[in-house]
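See structure below.
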Amino acid sequence: MRARLALRSAGVTYAHREVALKAKPAEMLLASPKGTVPVLCLSTGDVLEQSLDIMRWALQQNDPQAWLPNTPEAWVLTHEGIALNDGEFKAHLDRYKYPQPFGLTDGLQHRAQAADVLMQWEARLQTQAYLSGKQWGLLDACVAPFVRQFARTDRAWFDVQPWPQLARWLTVFEASEDFAAVMHKHPLWVSQQV
309 MRARLALRSA
319 GVTYAHREVA
329 LKAKPAEMLL
339 ASPKGTVPVL
349 CLSTGDVLEQ
359 SLDIMRWALQ
369 QNDPQAWLPN
379 TPEAWVLTHE
389 GIALNDGEFK
399 AHLDRYKYPQ
409 PFGLTDGLQH
419 RAQAADVLMQ
429 WEARLQTQAY
439 LSGKQWGLLD
449 ACVAPFVRQF
459 ARTDRAWFDV
469 QPWPQLARWL
479 TVFEASEDFA
489 AVMHKHPLWV
499 SQQV
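Each residue of the sequence shown is one higher than the last, beginning at 309 in this note's numbering.
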């Protein structure tokens, strides 16, 4: 989702190919043997296989909404926030959402640890409108899809937690035109190889 958000923000035209990971097309595996999504094949022949790489590439092409940080200090805060999200928070989210593959009976301990990270976001949002500052930016786009996953795991529980600014921020994201556009359902792409 976050790669599509950045591609949309940058106005990059691309061919969207929705794939079922249980039946990975040969063309996808040829382009990216890792077999996961997203994958962006560039006209140069380069292949970007990580959502953050796709986001950075797209916004370096065009950043009309000024998502990229504009000071060295802002870059540091953005990188630290993305590392926290993609590392600690994502690890707890996975174990909260899907405890059994990790040998857990439930994910409640990991929900509590992930909530500690969310309280850090709440503290930031109490002093500024967005995680990136005065306006939505790269950090917001990187974090929002994962906070959404966390919230959807048990929305009733999420909605009664003491993070009103985080809840407002998530609601704004979920009500946005960008969110609606990237959540548009695409038919599965049919491989041309037999």
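Note that beta-carbon positions come from the ideal geometry of N, C-alpha and C, so glycine has one too.
TODO: Please classify A431: is it buried, with 16 or more other beta-carbons within 10 angstroms of its beta-carbon, or exposed?
DONE: Position 123 of the sequence shown, counted from the start, is the residue given in the question as residue 431. Under this definition A431 is an exposed residue.
Worksheet item: Who are the Cβ neighbours of A374 in its own chain at under 8 Å, not counting the five residues just before and after it?
Response: To locate residue 374, count along the sequence shown from 1; it is residue 66. For A374, where only same-chain residues beyond five positions count, the Cβ hits under 8 Å are Q443 and G445.
* To do: Assuming A311 and I362 form a contact by the criterion Cβ under 8 Å, report the distance between their Cβ atoms to the nearest whole angstrom.
  => Counted from its first residue, the sequence shown places residue 311 at position 3. Counted from its first residue, the sequence shown places residue 362 at position 54. Sure, about 4 Å apart at Cβ, within 8 Å.
Q.
Cutting at 6 Å between CB atoms, please list the residues of its own chain near V502, excluding the five before and the five after it.
A. Sequence index remark: in the sequence shown, residue 502 carries index 194 (1-based). In this predicted model, V502 has a pLDDT of only 48, less than 50, meaning its place in the structure is not dependable; the value taken from the coordinates is given anyway. So no residue of the chain qualifies.
Exercise. Going along the chain, which unbroken runs of the alpha helix (DSSP H) with 4 or more residues stay wholly within the stretch 327-398?
Worked result: 334-339, 359-369 and 380-392
* Short check: CB of L426 to CB of V384, under 8 Å? -> The count along the sequence shown starts at 1 and reaches residue 426 at position 118. The count along the sequence shown starts at 1 and reaches residue 384 at position 76. Going by C-beta atoms, L426 is not nearer than 8 Å to V384.
Helix, strand or coil: how does DSSP classify M309 here? As a first step, residue 309 is located in the sequence shown; it is residue number 1 there, counting from the start. M309 falls in the coil class under three-state DSSP.
Check: Mind checking whether G415 and K405 have CB atoms under 8 Å apart?
Finding: Taking the first residue of the sequence shown as 1, we reach residue 415 at position 107. Taking the first residue of the sequence shown as 1, we reach residue 405 at position 97. Yes, Cβ-Cβ distance for G415 and K405 is below 8 Å.
| request: Would you tell me roughly how many angstroms separate the C-alpha atoms of S340 and R419, rounded to the nearest one? | output: As a working mapping, residue 340 is identified with position 32 in the sequence shown. As a working mapping, residue 419 is identified with position 111 in the sequence shown. Using only the alpha carbons, I get a separation of about 33 Å.
I think A459 touches L478, with their Cβ atoms under 8 Å apart; what is that distance to the nearest whole Å?
Position 151 of the sequence shown, counting from 1, holds the residue named residue 459. Position 170 of the sequence shown, counting from 1, holds the residue named residue 478. Their Cβ separation, rounded to whole angstroms, is 6 Å, which keeps A459 and L478 in contact under 8 Å.
**Prompt:** With burial defined as no fewer than 16 other Cβ atoms inside 10 Å of the residue's Cβ, what is the status of P470: buried or exposed?
**Reply:** Within the sequence shown, the letter at position 162 stands for residue 470. Looking at its Cβ environment, which holds fewer than 16 other Cβ atoms inside 10 Å, P470 is exposed.
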